[in-house]
Structures are given as C-alpha cells and as structure tokens.
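Residue numbers (the working numbering): -1 to 128.
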C-alpha cells in the first residue's frame, strides 16, 4: 500500500498561516526594536529614515527568534546587507565545522519553522512514513 499524498491545498494553507504568524511575530519585535534603538545599522553605521527604514532589520544576537525580551537585549538593528552577511558568516562557519573561541563547533540554530509540520498535516499523512 503506497503512502497517501498530502493535500496540496492543505499544505498551501499551512504554509500561508505559518508565514502570517511569522510576519506578525516579526512586526511585534521589529516595532519594539525601532522604538528602543536609533535607526542606525549596528555594523556599518548607516542611518535609515523614511522609506528606507524598511531596509533596517532586527537581528537576534543568540540566533533564537523566540527570544524577544522586552528590553531588546537580544536584538540589534542591521541593514539588509549586514544582516545577510552576518547569517552567511554563521552558516559558513557552521558548515565548515569551524572551531569557535568558546569551544563550540558552530552556532546553534534554534529557529525551526517547520518543526511541527508533520503534526499540522494531520495523522493520515504521517502514518505512511512510520
């Protein structure tokens, strides 16, 4: 007996809902970070205002997107370019297994957007994979 294929409409609905939730979560901590910190990239020092303010992003220092303390201690504002560069460096050192100064083998990636996908798809779809 072949496993039942997941319903594409259900998958699209789940993905759309996950994206909406992520946008709402990001909007909440982004708005707080923009109230707390000056609108300056913490890496390159460029200032942002007006329409260009959307180019300023919130970077989680510990890599955990769920760690959003009210005082903003886990955030820093980075421009799109510095934010991309920061994540590229983290992934490169992780993939290469670079020894970091604290003895770790690489950054711990804690954000898992699809962690509960199997449960969201329902029991019928997951039975064929066991």
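All C-beta atoms, glycine included, are put in the ideal place defined by N, C-alpha and C.
Buried versus exposed call for residue i [16 or more other C-beta atoms within 10 Å across all chains shown]
| i | result |
| --- | --- |
| residue 15 | exposed |
| residue 21 | exposed |
| residue 78 | exposed |
| residue 42 | exposed |
Rounded straight-line distance, which links the Cα of residue j to that of residue i
| i | j | result |
| --- | --- | --- |
| residue 63 | residue 2 | 34 Å |
| residue 40 | residue 118 | 38 Å |
| residue 114 | residue 13 | 12 Å |
| residue 55 | residue 49 | 13 Å |
| residue 8 | residue 19 | 16 Å |
| residue 11 | residue 30 | 29 Å |
| residue 26 | residue 5 | 32 Å |
Limits of the beta strand (DSSP E) - the one that residue i falls within
| i | result |
| --- | --- |
| residue 54 | 54 to 58 |
| residue 76 | 73 to 77 |
Beta-carbon contacts of residue i that lie in its chain and below 7 Å, excluding the five residues immediately before and after
| i | result |
| --- | --- |
| residue 45 | 37, 38 |
| residue 60 | 72 |
| residue 84 | 57, 76 |
| residue 53 | 46, 77, 78 |
| residue 28 | 56 |
Limits of the unbroken alpha helix (DSSP H) element including residue i
| i | result |
| --- | --- |
| residue 117 | 115 to 119 |
6 Å CB neighbourhood of residue i in its chain, flanking five on each side removed
| i | result |
| --- | --- |
| residue 80 | 39, 41, 42 |
Original post:
Can you find at least 3 beta carbon pairs, one from the segment 61 to 80 and one from the segment 27 to 39, that sit closer than 8 Å?
Top reply: Yes, the segment 61 to 80 touches the segment 27 to 39.
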